[in-house]
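**Student:** First, the structure itself, so that you have it in front of you.
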Ligand code: 5GP
């Protein structure tokens, strides 16, 4: 399977469609998941093309996981969380829906389940949660 540069996250990287960005460095970008499974659910992506973990380079994986760790600390602080769930899916059979490598980072609290999938977040709430994460990164 090859990389399709018209996927939604490639368009977000090119600013062709809007996103709520919370962090970026030379190699990675982090933005709010539009259908959050928990308050503070973010997605970490490489800025360079990779379909998923199966075609990513070691350097891309290193950069992405470094940012995943940074955002894990930030969401713990921002949401006074007790834990963090990271998720990463590969190909349709593996649960992947958007074919640009991404890792989900979700702050978690004891005995609080995830929201159901496929429910659009409230834009005001997503913006407010993004601001909390940005503040925690400072
Ligand atoms: P996955 O490929 O990991 O199964 O799921 C893709 C994720 O991307 C889902 O959690 C979904 O909510 C999120 N997503 C899909 N389209 C958009 C979009 O246009 N903007 C943002 N910010 N997130 C999206």
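In the working numbering, the protein residues as written are 5 to 142. The C-beta atom is built at its ideal place from N, Cα and C for all residues, glycine as well.
When you measure from the CB of residue 34 to every non-hydrogen atom of ligand 1, does any distance come out below 7 Å?
**Tutor:** no
**Student:** Which stretch, first to last residue, makes up the beta strand (DSSP E) that contains residue 114?
**Tutor:** Run containing residue 114: none; DSSP gives neither H nor E here.
**Student:** Mapping DSSP to helix, strand and coil, what is residue 138?
**Tutor:** helix
**Student:** When you measure from the CB of residue 72 to every non-hydrogen atom of ligand 1, does any distance come out below 7 Å?
**Tutor:** no
**Student:** Assess contact between the region 80-100 and the region 23-32, defined as three or more Cβ pairs (one per stretch) separated by less than 8 Å. Is contact present?
**Tutor:** No: the two stretches stay apart, fewer than three of their Cβ pairs being nearer than 8 Å.
**Student:** Out of 107, 45, 12, 14, which one is the CA nearest neighbour of residue 119?
**Tutor:** 45
**Student:** Do residue 31 and residue 62 have their CB atoms nearer than 8 Å?
**Tutor:** For the pair residue 31 and residue 62, the CB atoms are not nearer than the 8 Å cut-off.
**Student:** Select from 103, 131, 127, 88 the residue whose C-alpha is nearest the C-alpha of residue 112.
**Tutor:** The candidate whose alpha carbon is nearest that of residue 112 is 88.
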